[in-house]
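Structure first, commentary second.
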Amino acid sequence: MFIHLLDILGTAVFAVSGVLAAGRKRMDISGVVVIAAVTAIGGGTLRDVLLGRHPIFWFHDPTYLYVILIASVATMLYTRYFRPPHRLLLLADAVGLATFVVLGANAASMAALPFVIVILLAVMTGVVGGVIRDVLCAEIPLVLQKDIYMLAALAGASVYVVLKMASWDNTLVTLLAMSTVIILRLAAIFWHLHLPRYQVRETPLKG
Amino acid sequence: MFIHLLDILGTAVFAVSGVLAAGRKRMDISGVVVIAAVTAIGGGTLRDVLLGRHPIFWFHDPTYLYVILIASVATMLYTRYFRPPHRLLLLADAVGLATFVVLGANAASMAALPFVIVILLAVMTGVVGGVIRDVLCAEIPLVLQKDIYMLAALAGASVYVVLKMASWDNTLVTLLAMSTVIILRLAAIFWHLHLPRYQVRETPLKG
Amino acid sequence: MFIHLLDILGTAVFAVSGVLAAGRKRMDISGVVVIAAVTAIGGGTLRDVLLGRHPIFWFHDPTYLYVILIASVATMLYTRYFRPPHRLLLLADAVGLATFVVLGANAASMAALPFVIVILLAVMTGVVGGVIRDVLCAEIPLVLQKDIYMLAALAGASVYVVLKMASWDNTLVTLLAMSTVIILRLAAIFWHLHLPRYQVRETPLKG
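First to last, the protein sequences are chains D, Z and L. The C-terminal position of the first sequence is numbered 342 in this note's numbering, with every residue numbered one higher than the one before it. The C-terminal position of the second sequence is numbered 342 in this note's numbering, with every residue numbered one higher than the one before it. The C-terminal position of the third sequence is numbered 342 in this note's numbering, with every residue numbered one higher than the one before it.
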């Protein structure tokens, strides 16, 4: 199935992003594989744990783990000789995020929850892996700081949930939701779009 | 019900504390809302996950999410023009902590667990949100470092569990447990009380 | 039972390692006990949560909590006067890791999961406590950076799973799996063995 192939691609690409993040922190190769794994499956794992959905999605299909292992080793070998293809990786990451959000929305929508919860779980599926990756690297998570990343996931998840409620065709809903995420991400990358930053002023402006 | 109102207040106040913490870390507004949310519902979520209690408390009542969203936006707007009312927030935080501890003790006591586990889950409900907030801000959690915060939660939870075992009236137990938390927190704030700090000496004093 | 005694020893020794880590971060004594606790029971807790195994192992046996409390207080008192016995602690830690890995493999193997998942859950049981300890101390987890720590856990878990599949005697399997972990750890300590570190080169070597 097409979505399953995208799922594998998303897993591989998120694993690559984990390897590259770990590679800036002087970890040993076992640590690198761990960071790759939490980046790739952290979001879906938290979703399943919060839903009380057992077994966790990667428990009965170890394919995910093998994909992570292969992607990690390949990335470590590749980057010994070549510069990582950052632009291609950003595109692949957008496709991966879109896939994870749609798969997350789909998994969460089976549980008869309020639509706002389904949207939230879909966003989580897409972004939490990257959050854990950055926490383990002792950094403030990137997705909390910049880029239209969470917003893209939120928009895609909302499109999915709303069109699904309107009983649109499943394939069409999936395509539209994924396109929303990918287009927003690519627009953010090409035009350097960011949400406004928030900073607490310790001295008041007036009053 | 009165306790439900306090629960909403606690959620809002914890969200505000999340926003202010995020505001020192140059996050974008989506990141700020995420920090507000994990601060407000992180403790109760971990409690429910450990108890295997599904759906998680905020899954069937999205009110929590709306409260967090409104509190976050209001705080971001307010702090553009005014200095945050730190003293008032500390008082509100004490009431929020007291509420979360009592609600946590109540939820955990339904599961027929040893009393020390109930106390622990009640403390978790109160403090884990702040711990995750600080981890996401790449800081050592404040509650591990100073203030009589965990100790106040522990005292309140113990009062709750002991008096409940003695079959005291429900409302009275709730009031006494909450008062314990609030009084200890306010005493700690006013008199700058801290538990002793512990530091490993790398060179021995004797021997 | 012998393995239960080792479990208690492992819990105590992991708690001690938590106390010593916290002691470098100027935490108050309540924070120190929290770090000790997550180090000692964090791995097994995540394993149980992922397995959907309720109640969590320490919920129906608060012995673990008392052991952690006693070990924490004893360590804090001891280090006021004496230097911690680092070499002895490393040996005890190796035994603790071995015990946790075997107990984790045993718990996970009851759930009829693919053998690679059982191995992973066993490794998690052994190492995740230390990972959370370091995250709460705002450090990059040590086990991701150096030492043959995860690899030792992985080797021990694999020995356990493979020999168990071959229907070897339970006690023998346990002893061989634990020996594997302990010998690898001690070898790593004595000969300063590390896995290779991985570092992304931002400029390419060729091409």
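Where is the CB? At the ideal position from N, CA and C, for every residue including glycine. Since this is a predicted model, take the numbers as computed values, not measurements.
Every unbroken alpha helix (DSSP H) within the stretch 231–305 of chain Z, with a cutoff of 4 residues, ordered by chain: Runs found: 250–271 and 285–300.
The stretch 170–183 of chain Z / the stretch 266–273 of chain Z touching (three or more Cβ pairs under 8 angstroms): Yes, since at least three Cβ pairs between the stretch 170–183 of chain Z and the stretch 266–273 of chain Z fall closer than 8 angstroms, the two stretches touch.
Chain-ordered neighbours of G179/Z on chain L, where CB pairs are closer than 8 angstroms: Here the premise fails: no neighbours, minimum Cβ distance about 15 angstroms.
Simplified DSSP state of F196/L, which is helix, strand or coil: Residue 196/L is actually Asp in this sequence, not Phe. Looking at D196/L - three-state DSSP - the assignment turns out to be coil, as it is neither helix nor strand.
For L181/Z, the first and last residue of its enclosing alpha helix (DSSP H): Element bounds for L181/Z: I164 to L186.
Touch test, the stretch 205–216 of chain Z against the stretch 293–309 of chain Z, Cβ-Cβ under 8 angstroms, three pairs minimum: Contact fails between the stretch 205–216 of chain Z and the stretch 293–309 of chain Z, because fewer than three Cβ pairs, one in each stretch, are under 8 angstroms apart.
C-beta contact flag for M420/L and A233/L at 8 angstroms: In the structure as shown, chain L starts at 136 and stops at 342, and residue 420/L therefore has no counterpart that could be examined.
Nonlocal neighbours in the same chain, by C-beta distance under 8 angstroms from R159/D, ignoring five residues either side: Same-chain partners within the cutoff: C272.
Start and end residues, alpha helix (DSSP H) containing G153/L: Where G153/L is concerned, the enclosing alpha helix (DSSP H) stretches over F137 to A157.
Partner residues on chain L for H329/Z, Cβ-Cβ distance less than 8 angstroms: Against chain L, the beta carbon of H329/Z has neighbours under 8 angstroms at D163, listed in chain order.
Whole-angstrom distance between L155/L and P219/L, CA atom to CA atom: So the two alpha carbons sit approximately 9 angstroms from each other.
Buried or exposed (CB count within 10 angstroms, at least 16 for buried), D142/D: Looking at its Cβ environment, which holds 16 or more other Cβ atoms inside 10 Å, D142/D is buried.
Distance, G166/L Cα to I283/Z Cα: The alpha-carbon atoms of I283/Z and G166/L are separated by roughly 11 angstroms.
Option in H221/L, I203/L, I275/L and I254/L with minimal Cα separation from M162/D: For the residues H221/L, I203/L, I275/L and I254/L, the minimum Cα distance to M162/D belongs to I275/L.
Spatial distance of R336/L from R215/D (CA atoms): Distance between the alpha carbons of R336/L and R215/D is about 7 angstroms.
Closer than 8 angstroms to chain D by CB, M211/Z: Yes, M211/Z counts as interfacial toward chain D.
Chain L contact for G291/Z (CB, 8 angstroms cutoff): For G291/Z, the answer is no, since every Cβ of chain L falls outside 8 angstroms of its Cβ.
Cβ contact (3+ pairs, closer than 8 angstroms) linking the stretch 185–204 of chain L and the stretch 200–209 of chain D: No, because fewer than three Cβ pairs between the stretch 185–204 of chain L and the stretch 200–209 of chain D fall closer than 8 angstroms, the two stretches do not touch.
Of the listed residues R222/D, R182/D, D304/D and I164/D, nearest to V148/D (C-alpha basis): For V148/D, the nearest C-alpha among the options comes from R222/D.
Contact list for M346/Z against chain L, beta-carbon separation under 8 angstroms: As displayed, chain Z neither begins before 136 nor continues past 342, which places residue 346/Z out of reach and without an answer.
Residue-level contact to chain D via CB, V148/Z, 8 angstroms cutoff: No, no contact with chain D.
Which of helix, strand or coil DSSP assigns to R320/D: DSSP places R320/D within a helical segment (H, G or I) once states are collapsed to three.
With 16 other Cβ atoms within 10 Å as the buried cut-off, status of L140/Z: Exposed, by the Cβ-count rule.
Contact set between I191/L and chain Z, taken where Cβ atoms lie within less than 7 angstroms: The contacting residues are L185.
The stretch 182–197 of chain L in contact with the stretch 246–258 of chain Z per 3-pair CB rule at 8 angstroms: Output reads yes: the stretch 246–258 of chain Z touches the stretch 182–197 of chain L.
Within 8 angstroms, strictly: CB atoms of T309/D and A290/D: In this structure, T309/D lies away from A290/D, with their beta-carbon atoms at least 8 angstroms apart.
Selection of the stretch 230–243 of chain L by Cβ proximity to chain Z, strictly under 7 angstroms: Residues: none.
Where L307/Z falls, given that 16 or more other Cβ within 10 Å makes a residue buried: L307/Z is exposed by the Cβ-count criterion.
Where R332/Z falls: helix, strand or coil (DSSP): In the three-state reduction of the DSSP assignment, R332/Z falls in the strand class.
Whole-angstrom C-beta distance between M259/D and L181/D, which should lie under 8 angstroms: In this structure L181/D is in contact with M259/D, their Cβ atoms being roughly 6 angstroms apart against a cut-off of 8 angstroms.
Buried or exposed by the 16-neighbour rule on C-beta atoms within 10 Å, applied to D183/D: Using a 10 angstroms sphere on the CB of D183/D, the tally of other CB atoms reaches 16 or more, which defines it as buried.
Backbone CA spacing between N241/L and G177/L [nearest angstrom]: When rounded, the distance between both Cα atoms is 17 angstroms.
Any chain Z beta carbon closer than 8 angstroms to G342/D: Interpretation of G342/D is limited by its pLDDT of 40, a score under 50 that renders its predicted location unreliable; the figure taken from the coordinates is listed afterwards. So, interface residue.
Other residues of its chain near L225/Z: CB distance less than 7 angstroms, five sequence neighbours each side excluded: Closer than 7 angstroms at the Cβ level, and outside the excluded window around L225/Z, lie I324.
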